[in-house]
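Colleague: Sending over a structure as structure tokens; questions will come in a sec.
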Amino acid sequence: SRFGYPMAYESPRSIMEEIARLTPSYGGISHARLRGDGLQWPCPTADHPGTRVLHKDRFTRGKGLFSAIDYKPAAETSDEEYPFQLTTGRIHAHYHTGTMTRNSPSLEREVGECFLEMNAEDGAELGIAEGDRVIVESRRGAVSTRVKLTEEGRRKILFMPFHFIESRANILTNPAFDPIAKIPEFKVCAVKVEKMRSPVK
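Following our numbering, the numbering of the sequence shown begins with 1388 at its first residue and continues without gaps.
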């Protein structure tokens, strides 16, 4: 198969049949039923109509609950010592910690190692070229990775995926969290970047 290992599936239909057997919320979904108007999951049984609308006429609890809150800036901003803002996230080829997707030869060929995406002007200021290895350091730790320069990203804003155990991006992130939603601030932390020196021979 294109994933790099043998599969006994005869068609996409047989893959969907396996998904329906193993995942209760997809249990009633089949290619035959999708030929009509389609189905919206959850659809647990073959005679279930699908869940087209989550809330109809009113919310489950009655009225929607909305409340205004005051803007609160990120807990950590860039400064002279840590002049960059790092945001971490996903890339198209991998999922979460990569425990499954990194076992796929084709996905590893697509993106096989971590990288730090940096604005090309920032790279030029630091003497960093495409593919150079750098140390990315925050107040909580440091990791090494290669640089990908871009013209699209904003200056002083860096991006790093978190799928790669060799360059554990979440070592860098700030454990501060939103007091209401309780969501940690993984998308914003202050870092500095230094080009790695070539090893002494």
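Every residue, glycine too, gets a C-beta built ideally from N, C-alpha and C.
These numbers come from a predicted model, not from an experiment.
1) Is the Cβ of alanine 1419 closer than 7 Å to any Cβ of chain D?
2) With a threshold of 8 Å, are at least 3 pairs of Cβ atoms found where one atom belongs to the stretch 1495 to 1512 and the other to the stretch 1542 to 1550?
3) Along the chain, where does the alpha helix (DSSP H) that runs through methionine 1403 open and close?
4) Which residues share a DSSP beta bridge with threonine 1474?
5) For the pair the stretch 1518 to 1528 and the stretch 1462 to 1473, tell me if three or more CB-CB distances fall below 8 Å.
6) Quick one: what's got a C-beta closer than 7 Å to glycine 1528's C-beta in the same chain, skipping five residues either side?
7) Counting only runs of 3+ residues fully inside the stretch 1428 to 1500, write out the beta strand (DSSP E) ranges in chain order.
8) If the criterion is Cβ atoms closer than 7 Å, does the pair alanine 1507 and glutamate 1538 meet it?
9) Helix, strand or coil: how does DSSP classify arginine 1533 here?
10) Between Ala1461, Phe1453 and His1483, which lies nearest to proline 1571 when the distance is taken from Cα to Cα?
11) Measuring alpha carbon to alpha carbon, tell me which residue in Leu1494, Glu1467, Lys1459 and Ser1491 is nearest isoleucine 1567.
12) How would you call glycine 1510, buried or exposed, if buried means at least 16 neighbouring beta carbons within 10 angstroms?
Modeller: Put simply:
1) Included in the structure is just one protein chain, with no chain D present.
2) yes
3) 1399 to 1409
4) Phe1546
5) yes
6) Ile1558 and Leu1559
7) 1471 to 1476
8) yes
9) strand
10) Ala1461
11) Lys1459
12) buried
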